[in-house]
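Asker: Sequence positions in the sequence shown follow this note's numbering and run 823 to 1242.
From the three backbone atoms N, C-alpha and C, an ideal C-beta is built for every residue, glycine too.
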Amino acid sequence: MNVLVAGGGIAGLTTALTCHQIGVPAAVYEAAPELRPLGLGINLQPNAVRELVELGLEEELASIGVQTRELVLIRRDGVEVWSEPRGLDAGYRWPQYSVHRGELEMMLYRAAVRRLGPEAIVAGRRVLRYEHTLDGVVAEVTTADGGAEQVATPILLGADGLHSAVRARMFPGEGGPRWGGSVLWRGTASSAPLRTGASFVVIGDANQRFTTFPISAPDESTGLQVQNWIAELRFDSNRGWRRGDWNTCVSADEFAGSFDDWRFDELDVPDLIRRSEDVFEYPMVDRDPAAHWVHGSVALIGDAAHAMYPLGSNGASQAIVDARVLGAAFVEHGVTRAALRSYEAQLLGPRSALVLGNRNLGPGSILGITDQRCAAVFGRPDDLSADEWHDFITDWRATSAAAIERLNAAPPTIPAGASI
Ligand SMILES: Cc1cc2nc3c(=O)[nH]c(=O)nc-3n(C[C@H](O)[C@H](O)[C@H](O)COP(=O)(O)OP(=O)(O)OC[C@H]3O[C@@H](n4cnc5c(N)ncnc54)[C@H](O)[C@@H]3O)c2cc1C
């Protein structure tokens, strides 16, 4: 093993698959006792889908995801403010996918076990801390009998998410994630297709929002599809909230009353919430951008490096791209500290800007940094004059068109056949 990856989430498994592609022996240690399909709906942007296609996962991804066709913003009073095509419909060469996070993780896990072998993806192994040695790193890792052992590795990657132990060792005084004042409640229920049947719909205003998108094709017999939803409320951030954890199951009574009269032509919000089996709470947290992600032979990746508000379909998408950029750096510099520094030099700035940009967009804005102008007016379109509105639309279309062209023309992150 040349690379030990702490964490078998989206970043860790994509890193393992990338290492395998370029001929770098790698192993993943996952803290959970087994890999299970946890989480709810997420979105993968075309730049991340492109990387999964490069990894040969196109068909499997298509079988678990819904190709997102449009983004729609609707005011609380039901007036449509904005809609635009997404993914292939927007002109990208790759689709955007809405997908169940757990199914995505299981897809990556199956591929990693097939390609690297089951012994390379080990559950029930929590990385606790690390120390540098003369020729690499020693990680302290939990064992099945409740003890811990030292594992030597040339390179350690912290892909261990929001509460990363690797990051805590790198920045001992940092403390926990930072809550910005919004809380998300998430669930799924089957429902008749909304609009295109592949629409990402956001309804609300600055303090209260409801987002919904499908994560399955319509069932052939019933015509219903699994609709993922996120209800969001804003509170005074001084009051504090429970610890940020993606798996906290709560009663819908905690928030559903605030959405009692959210009924629209095609969407009955209270009904969707009521019919959802499990509801998960997530206080919207992030971390201040880190000064560095690399410490000698150790690097952070994915949420461990840049936990951000889950807006604009960025969490999993950026984690996947991180893994690929790191892989390209290995190809260029070998499995070395120089490769880690090159990866950091390419991504630290843009990812930090994204973390802060997501914050500045205001709590709960679903649009992410690239949708900044749109988010600035979302919910308050009447504040804009007709000229400003026209300028915004023209600017926004030009920005999107440039981004689409750039991605479509970009060479593969890792050239076909590249290996070290
Ligand atoms: C259970 C779960 C459910 C989620 N659900 C959603 C969701 O519904 N919507 C959404 O937008 N995002 C969700 N996320 C977050 C989303 O997956 C990430 O933002 C994004 O995919 C980036 O992935 P990542 O691999 O960096 O982090 P994660 O996906 O969080 O993966 C980190 C992995 O590391 C493991 N781990 C943690 N500490 C250690 C350690 N010390 N040693 C070894 N392994 C460790 C964790 O068990 C996890 O498997 C969820 C994350 C998790 C873990």
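Is there at least one non-hydrogen atom of ligand 1 closer than 6 Å to the beta-carbon of Gly1009?
Answerer: Every heavy atom of ligand 1 is 6 Å or more from the Cβ of Gly1009, so no.
Asker: Using a Cβ-Cβ cutoff of less than 6 Å, which residues in the same chain neighbour Ile1191 once the five nearest sequence positions on both sides are dropped?
Answerer: Its pLDDT being 29, under 50, Ile1191 is placed unreliably in this model, and the coordinates cannot settle the point.
Asker: Applying the criterion that 16 or more other CB atoms from any shown protein chain within 10 Å of the CB defines a buried residue, is Ser1038 buried or exposed?
Answerer: Burial call: buried.
Asker: By the DSSP assignment, the beta strand (DSSP E) with Phe1152 in it spans what residues?
Answerer: Where Phe1152 is concerned, there is no enclosing beta strand (DSSP E), although the alpha helix (DSSP H) it sits in stretches over 1137-1155.
Asker: Residues in its own chain within less than 8 Å of Gly1118 by CB, not counting five upstream and five downstream?
Answerer: His954, Val959, Arg1159.
Asker: Taking the alpha carbon of Phe1081 as the point to measure from, which residue in Val1091, Val1072, Ser1073 has its own alpha carbon closest?
Answerer: Comparing Cα positions, the closest option is Val1091.
Asker: Please go through the same chain and pick out, in chain order, the residues whose beta-carbon is closer than 7 Å to the beta-carbon of Trp916, but skip the five residues on each side of it.
Answerer: Excluding residues within five positions, the ones whose Cβ falls inside 7 Å are Pro868, Val871, Arg872, Val875.
Asker: Helix, strand or coil: which one does DSSP assign to Thr1158?
Answerer: Three-state DSSP puts Thr1158 in coil, outside helix and strand.
Asker: Taking one C-beta from the region 1002-1022 and one from the region 956-976 each time, how about it: are there three or more such pairs within less than 8 Å?
Answerer: No, the region 1002-1022 is not in contact with the region 956-976.
Asker: How many Å lie between Asp1067 and Pro1237 at the Cα?
Answerer: Roughly 37 Å separates the two Cα atoms.
Asker: Three-state secondary structure (DSSP) at Cys1050?
Answerer: It is worth fixing the name first, because residue 1050 is Asn in this sequence and not Cys. The answer is strand: DSSP assigns Asn1050 an E or B state.
Asker: Using only CA atoms, which one of Pro907, Pro1233, Asp1087 lies nearest to Ala1020?
Answerer: Here the closest residue by C-alpha is Pro907.
Asker: How many Å lie between Val1120 and Leu1162 at the Cα?
Answerer: For Val1120 and Leu1162, the distance between alpha carbons rounds to 8 Å.
Asker: Counting C-beta neighbours from all protein chains within 10 Å, is the total for Thr837 16 or more, i.e. buried, or is it exposed?
Answerer: Buried, because 16 or more other Cβ atoms sit within 10 Å of the Cβ of Thr837.
Asker: Could you tell me which residues DSSP pairs with Trp1007 in its beta bridges?
Answerer: Answer is Ala1053, Glu1103.
Asker: Quick check on the burial criterion: 16 or more other C-beta atoms within 10 angstroms. Buried or exposed for Glu1054?
Answerer: Buried is the call here.
Asker: When every heavy atom of ligand 1 is checked, does at least one fall within less than 6 Å of the C-beta of Tyr919?
Answerer: Checking every heavy atom of ligand 1 against the Cβ of Tyr919, none is found closer than 6 Å.
Asker: Are the CB atoms of Ala1129 and Leu984 nearer to each other than 7 Å?
Answerer: Yes; because the gap between Cβ atoms is below 7 Å, this pair is in contact.
Asker: Ligand 1 heavy atoms versus the CB of Ile832: any closer than 6 Å?
Answerer: Indeed, a heavy atom of ligand 1 lies less than 6 Å from the Cβ.
Asker: Enumerate, from N- to C-terminal direction, the unbroken beta strand (DSSP E) stretches of 3 or more residues contained entirely within the region 1025-1092.
Answerer: As far as the region 1025-1092 is concerned, its whole beta strand (DSSP E) runs of at least 3 residues are 1030-1036, 1047-1056, 1070-1072.
Asker: Can we count Ala1141 as close to ligand 1, meaning its CB is less than 6 Å from some heavy atom?
Answerer: Indeed, a heavy atom of ligand 1 lies less than 6 Å from the Cβ.
Asker: Is Gly861 near ligand 1, in the sense that its beta carbon is under 6 Å from a heavy atom of that ligand?
Answerer: Because some heavy atom of ligand 1 lies under 6 Å away, the Cβ of Gly861 counts as near it: yes.
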